[in-house]
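The block underneath contains the structure these notes are about, expressed in structure tokens.
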Amino acid sequence: MDEAEIDLRGIANLLRRRIRLIALTVVATLGMAILALVAMTPVYTATGLVMVDTSRKNLLEADFAATSSSADNARVDSEVEILRSNAVLLSVIVNENLIDDPEFGVTVGSGAGIGAFLRSLLPGNNTQRVDDPLQQVLTKFSNAVRVQRRGLTYLISASVTSEDPQRAADLANALSAAYIEEQLRSKISTISSSQEIISARLEQTQQLLVASETAFDDFINANIDRMAGQEGFESVRELRNQLTQTIARNQQVTTLAGAVEASLQTRNWSDLVATLQSDAINSLNEQRAALARQLADTDSGSIAAIDLREQLEQLEASMSLQAGSELAALRAELPTLQTQADSLRRELRSGLMDSNLPVDILTQLYALQQSSELVRAQYQTLLARNSDLQVQADLQVADSRIVAPALAPMAPSFPNPRLILLLAGLAGLGLGVGLAFVYEHYLGGFTSEDQVGSVLKVPVLAEIPRQKGLDQTDGHSVADMLVDAPLSIYSEAVRRIRSGIDNAVRRRGTAQEGKGIVIMISSTSPGEGKSTISLSLTRAYALSGKRTILIDADMRKPSLHRHIGLQPGTGLAETLLGTSPEKQMAVRDPKTTAMLLLGSRSSDIPTDQLVMSDDFSRLVDACRSSFDVTIIDTPPIGPVVDGTHVAPYADAILFVTRWSATNQSEAKRAVSRLVEACDYPPVILSILNQQEGFSSRYYNKRYGGYYTA
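The numbering of the sequence shown is numbering that gives the first Met the number 0, which starts it at 0 and goes up by one.
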């Protein structure tokens with residue numbers, strides 16, 4: 000429970016520390032979303048509903064055939080695919096003239112040329128192909144069309160997206176109408192194709208029928224002599240003569256009707272009279288001729304001529320009417336003659352089959368009769384089916400209908416500003432939190448003891464809280480709290496460091512027998528509080544009764560003298576160089592009994608030579624022999640190499656990291672350099688210094704009685 004509470008508190012502190020990064024990320028994401036919204040062209044989507052009736056429709060039948068549900072589902076799904084097919088889309092493109100449409104039409108510009116150039120660079124593309132304009136329009140329009148089935152219903156939604164709301168509605172309705180028109184055209188086309196096949200077969204069957212009838216008649220004519228002496232043949236002969244006369248009369252009437260019709264169309268009255276040989280027509284023609292002669296002798300502009308022309312027109316109309324009546328009578332006679340011929344033919348065949356004919360003749364007659372009957376039955380079946388298909392083609396209705404025409408939408412379908420801004424805000428918040436965690440744990444500094452330990456792979460002794468509001472001018476230091484506020488959280492943390500170092504040295508046994516221990520204070524970069532920790536730890540050891548000396552070995556940039564308000568004339572660098580006239584190198588700490596070997600100013604020469612010298616080695620040995628604890632404040636490992644030369648002298652190395660400032664990768668490399676600098680695995684300990692947001696409330700709540708500040 001406590002660990003979960005600490006984790007939640009740590010997450011809350013992390014978010015609070017990186018609130019600026021999170022806020023900037025959210026603002027940047029919202030800004031990009033707003034810019035995208037401004038740049039986007041709003042589009043509108045109009046939707047129409049089409050109802051699919053899966054029952055088979057035939058207006059010639061009273062009841063429609065029912066279908067199964069599985070077949071219905073397959074049918075509706077098929078109609079969805081047909082509705083979004085290229086055939087329907089192309090029909091809309093042609094009907095709505097989308098090729099010249101500013102939105103869906105063909106656009107010719109530099110982009111097309113660049114695209115063609117890039118395609119020409121592809122391997123295997125040796126020819127430059129110019130895109131079909133119709134294909135371009137089809138691609139654009141198909142991208143704007145969305146067709147889908149509404150659940151498991153018989154409804155299909157047809158949607159079109161356009162920059163103009165009214166245009167979107169018009170195109171959606173045009174799409175539905177084109178689909179229904181294509182459906183009706185397909186049904187009619189299917190029936191017409193069937194009718195064409197049957198018509199072709201009907202013509203062949205008609206020829207076969209004529210051939211079978213001719214073959215029967217030819218057989219009778221060829222065998223008339225053999226059949227003449229047979230019993231009952233006289234009645235057959237009489238039937239045959241009647242049939243011949245009927246057929247001849249049928250042909251005569253057909254020819255006469257054709258001639259009359261031709262004469263009427265050309266208004267050739269002389270041929271009409273000669274063809275019909277009708278007394279009534281002849282009388283009317285004589286009257287017409289008399290009027291024509293009288294009209295020819297009359298002045299064309301006179302009233303008498305006008306009256307004569309009217310009488311002539313009336314007379315010709317009477318002749319046409321009379322001729323039409325007689326033509327109708329001739330045509331009415333044809334079915335009767337055909338019926339008589341069919342009846343005589345049946346009687347003739349029946350009579351022949353009943354007569355005592357030779358077996359071979361009778362067999363052949365029977366075969367011819369059966370063949371003729373079969374062909375006649377096929378002909379009648381095909382003729383009836385052809386007539387039905389003609390009627391069905393004229394009575395076809397669509398299986399689908401528009402139940403809800405598309406209306407112009409009031410609001411754009413895309414972009415949705417509210418949704419986009421909401422998603423952008425959530426995405427920015429998530430991205431900001433993610434960046435905060437990445438920066439905190441990978442790119443940024445350390446923020447917890449566990450993080451320091453997991454990254455550096457060394458024990459972490461303590462977290463040192465940042466002390467705010469303290470006077471840190473020359474002569475004043477945070478390290479003064481060890482003396483001025485010994486029961487403060489800061490002082491307790493320093494004492495925890497001291498205890499941790501003692502325990503680590505004791506367990507490892509790195510201290511030389513009979514001599515003091517040497518502690519090296521190091522860090523990755525400047526400004527991480529290394530010198531303050533050095534002075535604080537020195538005072539902690541001195542206050543515990545240990546003989547302690549602090550050596551400011553940061554000869555590149557010495558700073559300990561400012562913490563105690565002293566400015567020595569010479570420092571460690573001058574002492575090692577042998578240029579110091581003073582014999583007393585160390586000074587006493589004004590707050591404790593500790594001794595301080597300070598630096599004075601920045602060195603003008605490479606200081607690594609000084610820490611590598613025998614004089615520095617003898618100095619460390621002398622301090623180890625004279626003091627219980629020798630603390631060496633070294634330069635940062637990152638910019639200066641001096642610390643790697645001091646590391647072999649140390650019994651323990653305290654590595655200082657600054658909260659949320661020390662780069663994790665650089666700190667890891669610095670620790671690796673310290674390990675490589677030693678001949679044996681060193682005792683390296685670490686602390687997290689200047690922790691912001693230190694849980695003082697938590698400590699004051701639970702351990703407030705143990706601290707004074």
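In this text, a Cβ means the ideal position worked out from N, Cα and C, and glycines have one as well.
All values derive from a computational prediction rather than experimental measurement.
Asked, Found
"Leucine 486 burial status per 10 Å Cβ neighbour count (16 or more: buried)", "exposed"
"Where aspartate 359 falls, given that 16 or more other Cβ within 10 Å makes a residue buried", "exposed"
"Glycine 508 (DSSP reduced to helix, strand or coil)", "coil"
"Simplified DSSP state of isoleucine 584, which is helix, strand or coil", "Looking at the sequence itself, residue 584 is methionine, so the reference to isoleucine does not match. It is coil, neither helix nor strand."
"Within 9 Å, strictly: CB atoms of alanine 143 and serine 156", "no"
"Spatial neighbours of threonine 204 in its chain, beta-carbon cut-off 8 Å, leaving aside the 5 residues before and after", "Val374, Gln377, Tyr378 and Leu381"
"CA-to-CA distance, leucine 455 to valine 682, given in whole angstroms", "13 Å"
"Coarse secondary structure for glutamine 337, derived from DSSP in three states", "helix"
"Of the residues Ser601, Leu609, Val105 and Arg506, the one placed nearest aspartate 641, counting alpha carbons only", "Leu609"
"C-beta contact flag for valine 146 and leucine 97 at 9 Å", "no"
"Proximal residues to valine 482 (C-beta, below 8 Å), its chain only, five neighbours per side dropped", "Arg538, Leu542, Lys590 and Thr591"
"Status (buried if at least 16 other CB within 10 Å, exposed otherwise) for asparagine 688", "buried"
"At least three beta-carbon pairs within less than 8 Å, the segment 177-190 to the segment 414-424", "no"
"Opposing strand residues paired with glutamate 462 [DSSP bridges]", "Leu687"
"C-alpha gap between isoleucine 18 and isoleucine 516, whole angstroms", "45 Å"
"Where the alpha helix (DSSP H) containing alanine 22 begins and where it ends", "18-38"
"Test item: CB-CB of alanine 669 and serine 521 under 9 Å", "yes"
"Isoleucine 563: first and last residue of the uninterrupted beta strand (DSSP E) it sits in", "Element bounds for isoleucine 563: not the beta strand (DSSP E) but the alpha helix (DSSP H), 559-563."
"Glutamine 276 versus proline 334: straight-line alpha-carbon distance, rounded", "23 Å"
"Nearest-angstrom Cβ-Cβ length linking valine 619 and threonine 629, presumed shorter than 8 Å", "7 Å"
"DSSP-derived helix/strand/coil call for asparagine 12", "helix"
"Alanine 45 in three-state terms, based on DSSP", "strand"
"Segment contact, 8 Å Cβ cut-off, at least three pairs: the segment 502-513 with the segment 550-568", "no"
"Contact the segment 326-343 vs the segment 238-250: 3+ CB pairs below 8 Å", "yes"
"Own chain, CB closer than 7 Å to glutamate 212, minus 5 neighbours either side, in chain order", "Ser371"
"Simplified DSSP assignment, three categories, for phenylalanine 445", "strand"
"When Leu29, Ser54, Glu491 and Glu527 are compared against valine 714, the one with the closest alpha-carbon", "Absent from the model: residue 714. The displayed extent of the chain is 0 to 708, so no value can be given."
"Beta-carbon gap between threonine 656 and isoleucine 686 smaller than 9 Å", "yes"
"Pick from Leu428, Leu653, Arg494 and Glu665 that is closest to glycine 444, judged by C-alpha positions", "Glu665"
"At least three beta-carbon pairs within less than 8 Å, the segment 36-53 to the segment 399-411", "yes"
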